[in-house]
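Chemist: Supplied in structure tokens, the structure appears directly below.
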């Protein structure tokens with residue numbers, strides 16, 4: 006088990022496409038593509054986004070996460086997190102990794118000043134199992150979890166995570182067909198070329 010920071014641009018694009026597809030699912034409309042485009046077009050250009058993977062003992066990715074810096078560059082927020090299907094054909098050679106998304110968060114929380122947002126009690130419970138023990142009440146019922154290395158002690162101390170306007174990205178797709186087609190082709194190419202090992 007190890008965490009891999011995916012720096013190679015082609016691999017990063019492929020892993021981001023897979024992460025968006027897994028995190029939003031099949032019925033999400035333009036959201037996966039808008040997140041993919043906004044992350045690449047805004048956050049990656051600002052060097053504010055990192056794509057990380059948890060890989061098994063055979064270097065196969067079993068979980069992916071998108072981390073985004075805050076405005077001060079002092080902490081990172083888990084924006085997307087997904088477990089990847091582990092091939093049942095490989096069960097005889099090695100049992101799958103149990104709860105890989107939680108394992109990835111636990112590993113990241115030990116190394117980085119990490120923040121997670123939980124939208125419901127199930128998410129909060131999963132993050133608690135991953136070692137996120139400090140919690141704050143955010144807006145609209147969101148619970149904000151802080152890893153052991155996170156410097157904030159209250160909501161007032163919490164810098165905002167860098168982000169992009171998803172609605173504006175979708176609007177730009179409607180205005181600029183060429184841009185939409187380019188990101189769609191890159192997204193599909195990324196899914197098709199997702200690396201078997203990292």
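In the numbering used here, the protein residues as written are 6 to 203.
Ideal placement from N, C-alpha and C gives every residue a C-beta, glycine not left out.
Where do the ends of the alpha helix (DSSP H) carrying residue 187 lie?
Modeler: Looking at the DSSP string, the run of the alpha helix (DSSP H) that includes residue 187 is 182–197.
Chemist: Could you check where the beta strand (DSSP E) with residue 124 kicks off and where it finishes?
Modeler: Run containing residue 124: none; DSSP gives neither H nor E here.
Chemist: Alpha carbon to alpha carbon, how far is residue 149 from residue 163?
Modeler: The straight-line gap from Cα to Cα measures roughly 10 Å.
Chemist: Spatial neighbours of residue 47 within its chain, please: C-beta separation below 7 Å, excluding the five flanking residues on both sides.
Modeler: Contacts found: 169.
Chemist: Between residue 200 and the ligand NAP, is the CB less than 7 Å from at least one heavy atom?
Modeler: Absent from the structure shown: the ligand NAP. Ligands present: none.
Chemist: If I'm right that residue 70 touches residue 115 with Cβ under 8 Å, what's the distance once you round it to whole angstroms?
Modeler: Wrong, their Cβ atoms sit about 14 Å apart, outside the cutoff.
Chemist: Buried or exposed for residue 81, going by 16 or more other Cβ atoms inside 10 Å?
Modeler: When all chains shown are included, residue 81 counts as buried.
Chemist: With residue 58 and residue 73 assumed to form a contact (beta carbons below 8 Å), what rounded beta-carbon distance in angstroms separates them?
Modeler: Wrong, their Cβ atoms sit about 16 Å apart, outside the cutoff.
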